[in-house]
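Going down the list, the sequences are from chains A and B. Using our numbering, you'd call the opening residue of the first sequence number 1 and step up by one each time. Using our numbering, you'd call the opening residue of the second sequence number 1001 and step up by one each time. Working notes, structure below.
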Amino acid sequence: MTAPNATVDARGLSCPMPIVKTAQQIRTLTSGALVEVLATDPGSLKDFTAWTRTTGNALVEQTQADGVYRFLIRKA
Amino acid sequence: MTMIAPTPETVVTPAETFIPPMASPAPEPAAGMPVDAKGLVIVAWSSEYDRIMPTLILASTAAASGIPTKVFITFWGLLPFVKDEHRITGEGWMQKMLSLMQRPGIHHLKMSKMNFAGMGPWMIGKLSDEHHVAKPAELLEAALAMGVEFIPCQMTMDMFGLTHDEMIDGLGEPAGAATVIELMTRPGTASLFI
């Protein structure tokens, strides 16, 4: 597994901050970069799927452990 | 007696309809992302907490999704965008009295219902802390950082006696109804009145 280029720690934050923080982080990266997002908001499961569809970024991986959701997103 | 063979259950799936992409008015991508997003325009008319929240949440999320987003702030909707230190705004006694009765600033929002002389906003503040919900001021900061353009209504600014200096930094140029109508009627633009 390739290591992510950046991690967004959105644990404890609720809608819409995990998305906003991820978008801010992704802005600073170049196309193809991998971003790891950690979130605890259960709504983020649906939201990250929707957001990647809207933006064209790819949701590469989505896992969950101990109440923490982990999304791996590749910048389009 | 004739047995009628049961009709096999058919699952009717609607055929996927192809929707041709609409002509895009060459939007400037707010979040610098490769999307074909068209635009979102919100008319924010209220200074109430429970209306400002969805306005700021939707605006910052749309901008974070690469959708050029503009919020036209008009009438009471201007008040949250007045700098917090300005307690009394305007020139004449009527303008001053308006600001006295309706305190401007993003930290002084009332609720549309159950305000109970400030008890309502206080309780909502407590609950949003417990549930880690961002405060209006944080959401406003995020919206501005994501490139949401807030367009103050020139006419109500004049009516309330609000000056450019009394408004927070980072707002767009004041404009009027025709500007908003032009933005709202661009093909593929979603518009909301909150």
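For every residue, glycine included, the Cβ atom is placed at its ideal position computed from N, Cα and C.
Taking threonine 49/A as the centre and dropping the five residues before and after it, the same chain places the C-beta of Leu59 closer than 7 angstroms to its C-beta, in chain order. Closer than 8 angstroms at the C-beta level to chain B, one finds these residues of the region 4-29 of chain A: Gly12, Leu13, Ser14, Cys15, Pro16, Met17, Ile19, Val20, Thr22, Ala23, Gln24, Ile26 and Arg27. If you draw a straight line from the Cα of threonine 40/A to the Cα of serine 14/A, it is about 8 angstroms long. Counting along the chain, aspartate 9/A sits inside no alpha helix (DSSP H); it lies in the beta strand (DSSP E) bounded by residues 6-10. Taking all protein chains in view, the Cβ of threonine 1055/B is crowded by 16 or more other Cβ atoms within 10 Å, so the residue is classified as buried.
Relative to the Cα of lysine 46/A, the nearest Cα in the group Thr30/A, Leu34/A and Thr63/A belongs to Thr63/A. Note that the C-beta distance between glycine 12/A and histidine 1132/B is below 8 angstroms.
Excluding five sequence positions before and after serine 1047/B, the CB atoms of its chain that fall closer than 7 angstroms to its own CB belong to Trp1076, Gly1077, Leu1079, Pro1080, Gln1102 and Leu1109, given in chain order. Against chain A, the CB of valine 1071/B has no partner CB under 8 angstroms away; the residue lies outside that interface.
Contacts with chain B at 8 angstroms (Cβ-Cβ) include threonine 54/A. Between lysine 1126/B and glycine 1105/B, the C-beta spacing is not below 8 angstroms. Every unbroken stretch of the alpha helix (DSSP H) spanning 4 or more residues and falling wholly within the region 41-69 of chain A is given here in chain order: 44-55. With a cutoff of 8 angstroms on beta-carbon distance, alanine 1059/B and valine 1071/B are scored as near each other. Under the three-state reduction of DSSP output, alanine 1064/B falls in the helix class. Between the alpha carbons of glutamine 1154/B and threonine 30/A lies a distance of about 39 angstroms. With a contact defined as Cβ atoms closer than 8 angstroms, glutamate 36/A and arginine 74/A miss out at about 11 angstroms.
Between the alpha carbons of methionine 1114/B and proline 1121/B lies a gap of roughly 8 angstroms. Only those residues of the region 1137-1160 of chain B whose C-beta falls short of 7 angstroms from the nearest C-beta of chain A are listed: Ala1142, Ala1145 and Met1146. Between proline 1187/B and phenylalanine 1150/B, the alpha-carbon positions lie close to 21 angstroms from each other. Against chain A, the CB of threonine 1061/B has a partner CB under 8 angstroms away; the residue lies at that interface.
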